[in-house]
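Step one of this worksheet: look at the structure below.
There are 2 protein chains.
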Amino acid sequence: MCLARAGAGGCSWRACGRGEARTTQGEGDEAPWEDDEKFLFKPELGLEECRRLGFENAKDIIACGFDPSKTFIFRDTDYIRELYPVALEIQKRITLSQAMGAFGFQKSDNIGKFAFAAIQSSPSFAQSFPSFLKPGTRCFIPQAIDQDPYFRLCRGVADRMKWPKPALIHSKFLPALQGHQTKMSASVESTALYMTDTPKQIRKKINKYAFSGGGATLEEQQKYGANLDVDVPYQYLKIWLDDDEELEQIGKAYASGEMLTGEVKKRLGDVVAELVEKHQAARKEVDDELVHRFMDPNREELRRKWVGHTPSGAPAEEKEAQPV
Amino acid sequence: MCLARAGAGGCSWRACGRGEARTTQGEGDEAPWEDDEKFLFKPELGLEECRRLGFENAKDIIACGFDPSKTFIFRDTDYIRELYPVALEIQKRITLSQAMGAFGFQKSDNIGKFAFAAIQSSPSFAQSFPSFLKPGTRCFIPQAIDQDPYFRLCRGVADRMKWPKPALIHSKFLPALQGHQTKMSASVESTALYMTDTPKQIRKKINKYAFSGGGATLEEQQKYGANLDVDVPYQYLKIWLDDDEELEQIGKAYASGEMLTGEVKKRLGDVVAELVEKHQAARKEVDDELVHRFMDPNREELRRKWVGHTPSGAPAEEKEAQPV
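Residue numbers (UniProt numbering), protein chains in the order written: chain A, 1 to 324; chain B, 1 to 324.
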């Protein structure tokens, strides 16, 4: 079962593409992309634009290969009727000073950001999905570390509500092309590889911008080898090269100076170009109709799986699913 | 056209009963009763209980004689899908310090109260009712003075959004039975007359508790007359006695000492007992089915009145109403 929130997050595809957001223990998991969050945190974006971006992002999620019969993707603004009662329970149990402490918000921040802390957390609880999740089902949340304050507060509330606490797993941030001390920026193209880049752009960006941990000259590289910990091409390969044996070989050869930065970059370019081409082809196959199917919470295919499910596999007598 | 929010407000019936919440200029008006507000501001109440109270309150509103073909009553939690996008626009434009200044909230207050400021204001704008209000329709809000900070902020936001600002009219608070310097309390029965009281209880409360502005003795009353400004029975008659001529006669006679407190209380008892009996009889006629009709935003009878309405009275080609 996968629950995915469709918002306007820039690089969210990685969580899906690399499998961090996959089913665990046959329960629930969620990858957060929120149209309302985007709207509240980006002064320049209108709500309709955030909703459109959310819809387009859903195509990227779907292109990663999720099974529609087990996946529900939603935009917060579409699904708010089910989220809101749960969010209210959470909001009632978080004080302003807790929220300011946890998120570092200031008095000049808009009040929507505070409210959003609870909206963000509400899909962590099965009662947000009454038409297809069994009450008490525990939620599993793969998340980037910057989302942690939300869910730590949320786990505290769960305790007081005697609801099952969501389980969290943190994904690492990928370094920007310029290295660990730098940040990817949506407005600075050279800082990141985009899923919309052409293979040529991918290769060019890697060659030109990816920070090298190798020697400054051929001689230095051959003499001292590369520092893998700060080498962006190697760090990226660790994420995207599926063949662990090859990765180990590259690591050894590169660290010892036997392999050169250019060769590692070439291999990374091949790997990412293939991945991006595959993703772009898969994404082309995703039409609006398929997105609407993923976004429909009242599908029979979802209900049968969860409401009144019996061990024999035969559906038990089902309660009427609540309209959403 | 009347929009009424069904929550758990205690004395809200007055606004309807006395007509403050009636149609104005064929536009919109709203009387706020919010299940989410009740929940966030009352530590002891659960959300389901607030929703139940909201439903029961709707019966009191309906019993005041609203026309179902022109009236939409809603609980925030039911109608949040339409309110939320508008609330987001408002939340984005109100900072924490504005909200703290306007409402006097503290850091120990729950974050829901801050968010609610925007939910509260969202029905002030026609885009919250896309299936039956013409875009740009101005809203008219009869309100108690304590609600004013919400709507003052909301008018400021409207200005920046170039949305029509809601028009406000303030209703006075009725003094508690014990007089102007005291407060009605839901937990102290002797402070207020309830619409659920029997005529006998009404008369007894008025006789026993209503603060008199008359003389302490028969002689004093005859010599000095009554101070109408602090006399609760007279203040109540000003609200509930429909016959303005009789009210003036009573005022003159009572102020001059010709009429005694007991007589004024007797008249008030008759007036209120009759009003309450009528209301209770009308309320008995309101069944759950009628409430559901008032609470259905997708009724044809509402849409025909507003969407694509033409001056000739013939319905123009209608856009599909959005599902809620």
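Idealized CB from N, CA, C, for every residue including glycine.
Everything numeric in this text was worked out from a predicted model, so none of it was measured.
Closest option to Pro297(A), judged by alpha-carbon separation, among Phe74(A), Ser121(A), Lys183(A): Phe74(A). Looking at the backbone, the Cα of Glu219(B) and that of Glu258(B) are separated by about 11 Å. Put simply, the CB of Gln120(A) is far from chain B, with every gap to its CB atoms at 8 Å or more. The alpha-carbon of Phe294(A) is positioned some 27 Å away from that of Asp148(A).
When beta bridges are read from the DSSP output, Pro142(B) appears opposite Ile169(B). By the neighbour-count criterion, in which 16 or more other beta carbons inside 10 Å mark a residue as buried, Glu300(B) falls on the exposed side.
Counting only runs that start and end inside the region 64-95 of chain A, the beta strand (DSSP E) elements of at least 3 residues fall at 71-74.
Positions of the alpha helix (DSSP H) runs, each at least 4 residues long and wholly inside the region 186-231 of chain A, are given as 199-209, 218-224 in order along the chain. Beta-bridge pairing by DSSP links Ala176(A) to Gly179(A).
DSSP places Asn298(B) outside both helix and strand once states are collapsed to three, so it counts as coil.
Just measuring C-alpha positions, the residue of Glu248(A), Arg93(A), His279(A), Leu247(A) sitting nearest Tyr194(A) is His279(A). Contact check for Phe151(B) and Ser121(B): beta-carbon distance about 6 Å, within the 8 Å limit, so the pair qualifies. For Thr261(B), the uninterrupted alpha helix (DSSP H) segment begins and ends at 261-284. Residues of chain B with a Cβ closer than 8 Å to the Cβ of Ser97(A) are, in chain order, Lys107, Ser108. Burial is judged here by how many other beta carbons sit within 10 angstroms of a residue's own beta carbon; Glu82(B) has at least 16 and is buried. Annotation: Cβ neighbours of Pro85(A) in chain B (cutoff 7 Å, chain order): Leu47, Thr77. The secondary-structure analysis by DSSP pairs Asn110(A) across a beta bridge with Thr95(B). At a cut-off of 8 Å between C-beta atoms, Glu89(A) counts as an interface residue with respect to chain B. Distance from Gly112(A) to Gln91(B) at the Cβ level is roughly 3 Å; contact confirmed, criterion being Cβ atoms closer than 8 Å. Taking a Cβ-Cβ cut-off of 8 Å, the neighbours of Asp36(B) in chain A comprise Tyr84, Leu88, given in sequence order.
Per DSSP, the unbroken alpha helix (DSSP H) holding Gln249(A) starts and ends at 244-256. Put simply, the backbone Cα of Lys266(A) is about 29 Å away from that of Asn57(A). In this structure, the alpha-carbon of Asp197(B) lies about 8 Å from that of Val276(B). By the C-beta density criterion, Glu89(A) is buried, having at least 16 other C-beta atoms within 10 angstroms. Taking a beta-carbon distance threshold of 8 Å, Lys92(B) counts as an interface residue toward chain A. Nearest C-alpha to Asn110(A) among Asn110(B), Arg93(B), Ile61(B): Arg93(B). Here the C-alpha atom of Val232(A) lies approximately 7 Å from the C-alpha atom of Gly213(A).
Listed along chain B, the residues sitting closer than 9 Å to Ala117(A) by beta-carbon distance are Ile111. For Leu168(B), no CB of chain A lies under 8 Å from its own CB, so it is not counted at the interface with that chain. For Arg81(A), the residues of chain B that pass the 9 Å Cβ criterion are Thr77, Asp78, Tyr79, Ile80, Arg81, Tyr84, Val324, in the order they occur in the chain. Residue range 35-41 is occupied by the alpha helix (DSSP H) that includes Glu37(A). Following the DSSP letters along the chain, one finds Met161(A) inside the alpha helix (DSSP H) bounded by residues 148-161.
With respect to the 8 Å criterion, Val272(A) and Tyr234(A) are not classified as neighbours on the basis of their beta carbons. Its Cα nearest to that of Ile61(A), the residue Arg283(A) stands out among Tyr79(A), His292(A), Arg283(A), Asp288(A). Shown here, Gly54(A) sits in a helix according to DSSP, grouped into three states.
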